[in-house]
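Just so you know, we're using this note's numbering here: the sequence shown kicks off at -4 and counts up by one. We treat Cβ as the ideally placed atom computed from N, Cα and C, and that holds for glycine. Right, one structure below, let's go through it.
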Amino acid sequence: MGTPQHRSVTLLLLRHGLTEVTGTVLAGRSPGLHLDGRGREQAERAAHRLAGLPVDAVVSSPLERCAETAEPVARALGLPVHTDDRFAECDYGEWTGRTLEELAEEPLWPVVQAHPSAARFPGGESLAGMSARAVEAVRDWSGRLLTAGRAGRDPVLLVCTHGDVIKALAADALGLHLDLFQRVQADPCSVTAIRYTAMRPFLLRLNDVGETAEGLAPPEEAATDAVVGGGAGQARDRTRG
Ligand SMILES: O=C(O)[C@@H](CO)OP(=O)(O)O
-4 MGTPQHRSVT
6 LLLLRHGLTE
16 VTGTVLAGRS
26 PGLHLDGRGR
36 EQAERAAHRL
46 AGLPVDAVVS
56 SPLERCAETA
66 EPVARALGLP
76 VHTDDRFAEC
86 DYGEWTGRTL
96 EELAEEPLWP
106 VVQAHPSAAR
116 FPGGESLAGM
126 SARAVEAVRD
136 WSGRLLTAGR
146 AGRDPVLLVC
156 THGDVIKALA
166 ADALGLHLDL
176 FQRVQADPCS
186 VTAIRYTAMR
196 PFLLRLNDVG
206 ETAEGLAPPE
216 EAATDAVVGG
226 GAGQARDRTR
236 G
């Protein structure tokens, strides 16, 4: 990576809108799961809310519910949607598509709730692995934007992704062990904003479902002199052992 002209990146994490199973089924990587009418409305409202922000790139999980949320937002911003598999929901393996009620009876359930850093889903991924890949993706995209370095301000990256991915990235930003990530909330179409400055992540907004974009991005003149990635670097260590 070349010498970045601007050394702070603002990350906006947008959770996808509602689907007909949100909150009752562990959707994960279920194929063909689309936004429902409420979800499409939420995506349009998010597009309206975020339209005026100086966003430099929109990146989405490949799953339909995120792509369908990112699309109107990116259109309002006049940007293309990039896809990155590392922002896909955790691969829940055999748990994918099962109801939460049913899963609550599984022996692994209390581990997922109370000790998620030890949770690996049968036939799927571990939550620690999901966290590490998402942190790595944020680091890569941030580096890319810093290298591209638009004059006059620090870059803003908008990522449309999933509940557990946002919870993991927010936990990383707060320096929380992954075991505490269930204490973070990310509602449909909420925005969680993190600024990475001087090797350190700062949580600007958590689970923000407001109507305005005030305070979500730096003012035009703000260009700082620091380095991105402190939280990202620390995350893997915190999820070990
Ligand atoms: O997969 C799911 O059911 C949930 C889990 O957090 O995430 P999302 O709906 O945000 O994809």
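What does the Cβ neighbour count give for residue i, buried or exposed, with the cut at 16 atoms within 10 Å?
i, result
"ASP167", "buried"
"ALA227", "Note that ALA227 scores a pLDDT of 46, beneath 50, so its modelled location is shaky and nothing firm can be said."
"ASP80", "exposed"
"THR14", "buried"
"GLU97", "exposed"
"ALA127", "buried"
"GLU84", "buried"
"ARG178", "exposed"
"GLY158", "buried"
"VAL76", "buried"
"VAL4", "buried"
"ALA109", "exposed"
"PRO111", "buried"
Taking 7 Å as the cut-off, does the CB of residue i come closer than this to any heavy atom belonging to ligand 1?
i, result
"THR78", "no"
"GLY27", "no"
"ASP159", "yes"
"HIS110", "no"
"ALA22", "yes"
"ARG128", "no"
"LEU17", "For the record, residue 17 in the displayed sequence is Thr; it is not Leu. Yes - ligand 1 has a heavy atom lying nearer than 7 Å to the Cβ of THR17."
"GLU84", "yes"
"HIS237", "Nothing can be reported for residue 237, as the shown portion of the chain is limited to -4 through 236."
On the DSSP letters alone, give me the boundaries of the beta strand (DSSP E) that residue i sits inside.
i, result
"PRO105", "PRO105 -> not in any beta strand (DSSP E); alpha helix (DSSP H) instead, spanning 104 to 109."
"ALA52", "52 to 55"
"ASP203", "195 to 203"
"CYS61", "Here CYS61 belongs to no beta strand (DSSP E); instead the alpha helix (DSSP H) covers 59 to 72."
"ALA168", "Note, ALA168: premise wrong, no beta strand (DSSP E); alpha helix (DSSP H) at 158 to 169."
"ARG2", "No beta strand (DSSP E) holds ARG2; DSSP gives it neither H nor E."
If we cut at 8 Å on Cβ distances, does residue i have a partner in chain D?
i, result
"LEU28", "Among the protein chains of the structure shown there is no chain D, as only one such chain exists."
Tell me which residue opens and which closes the alpha helix (DSSP H) that residue i is part of.
i, result
"HIS43", "32 to 45"
The region 20 to 35 in contact with the region 169 to 179 per 3-pair CB rule at 8 Å: Touching, no.
Stretch-stretch touch, CB-based, cutoff 8 Å, three pairs: the region 61 to 78 with the region 90 to 110: In short, these stretches do not touch, since the Cβ pair count stays below three.
The region 99 to 115 / the region 128 to 146 touching (three or more Cβ pairs under 8 Å): Two segments are said to touch when three or more pairs of C-beta atoms, one from each, lie closer than 8 Å; by this definition the region 99 to 115 does not touch the region 128 to 146.
Cβ pair count under 8 Å reaching 3, the region 180 to 194 against the region 27 to 47: Yes, the region 180 to 194 touches the region 27 to 47.
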